[in-house]
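Here's the structure, in structure tokens; my notes come after.
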């Protein structure tokens, strides 16, 4: 198994050994991954038996394609099942689909869907239990014995945990406190106090209070 990268943001994933002279065709699709299942006709048709592609990266997350050539447990007889599996932490909302074309580039089958993909441990994948009849693919979609499934992906929304909000520090209060009681920069000086105070019927005098200076700016 191998992964081939093109210069057009397309990733080609090979499952099995390609035949001599086999070419990987690149089409101009954004966020597109082409998964090549070589020797598709020889893959097991036992229901519930899957073939896993190697993992590939898209939108910073890891993915792989899961194919059931003989159908999954819930598939109808003769139908294949295919699922896109999320293999990373975090969640991601994707519009995605699968497409199969013949050697002339004509589309044989396609589907589109939209799902919130959970972290890897929570769900195996999303896709179609009854994607297409296996016999139809063998008759119309084989390219030198290889089945090519295009995975088309469009990011809607992603979450990867809490992202702290950046709030810059406001230096105003700190600067005001620095200027308070600053002899050099003060514009006005107030003095409060310096009077004798009496308390109670006995007329006892308290000590004369010292003036308290306050410096201000304007």
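Residue numbers (my numbering): 10 to 227.
Just so it is clear, CB atoms sit at the ideal spot from N, CA and C, and this is done for glycine as well.
No experiment lies behind these values; they were computed from the predicted model shown.
Candidates the options: closest to residue i by CA position
i: residue 229; options: 79, 44, 67, 75; result: Coverage of the chain is limited to positions 10 through 227, which leaves residue 229 absent and any answer about it impossible.
i: residue 28; options: 117, 134, 47; result: 47
i: residue 100; options: 69, 76, 88, 113; result: 69
i: residue 88; options: 97, 77, 95, 98; result: 77
i: residue 26; options: 159, 168, 153; result: 153
Alpha carbon of residue i to alpha carbon of residue j, nearest angstrom
i: residue 141; j: residue 147; result: 11 Å
i: residue 164; j: residue 107; result: 15 Å
i: residue 93; j: residue 157; result: 15 Å
i: residue 109; j: residue 117; result: 6 Å
i: residue 128; j: residue 187; result: 51 Å
i: residue 130; j: residue 183; result: 49 Å
i: residue 81; j: residue 59; result: 8 Å
i: residue 125; j: residue 161; result: 15 Å
heavy atom of the ligand SAH below 7 Å from residue i C-beta
i: residue 98; result: The model depicted lacks the ligand SAH and carries no ligand whatsoever.
Residue i burial status per 10 Å Cβ neighbour count (16 or more: buried)
i: residue 175; result: Bear in mind that the predicted position of residue 175 carries a pLDDT of just 37, short of 50, making it unreliable; the figure below should be weighed with that in mind. Label assigned to residue 175: exposed.
i: residue 73; result: buried
i: residue 115; result: exposed
i: residue 57; result: exposed
i: residue 62; result: buried
i: residue 155; result: buried
Contact with chain D by residue i, beta-carbon distance below 8 Å
i: residue 162; result: You won't find chain D in this structure, because it holds only one protein chain.
First and last residue of the uninterrupted alpha helix (DSSP H) at residue i
i: residue 149; result: 143-149
Extent of the continuous beta strand (DSSP E) run through residue i
i: residue 104; result: 100-110
i: residue 90; result: 88-95
Residue i, DSSP secondary structure in three states
i: residue 163; result: strand
i: residue 187; result: helix
i: residue 49; result: helix
i: residue 56; result: coil
i: residue 113; result: coil
i: residue 22; result: strand
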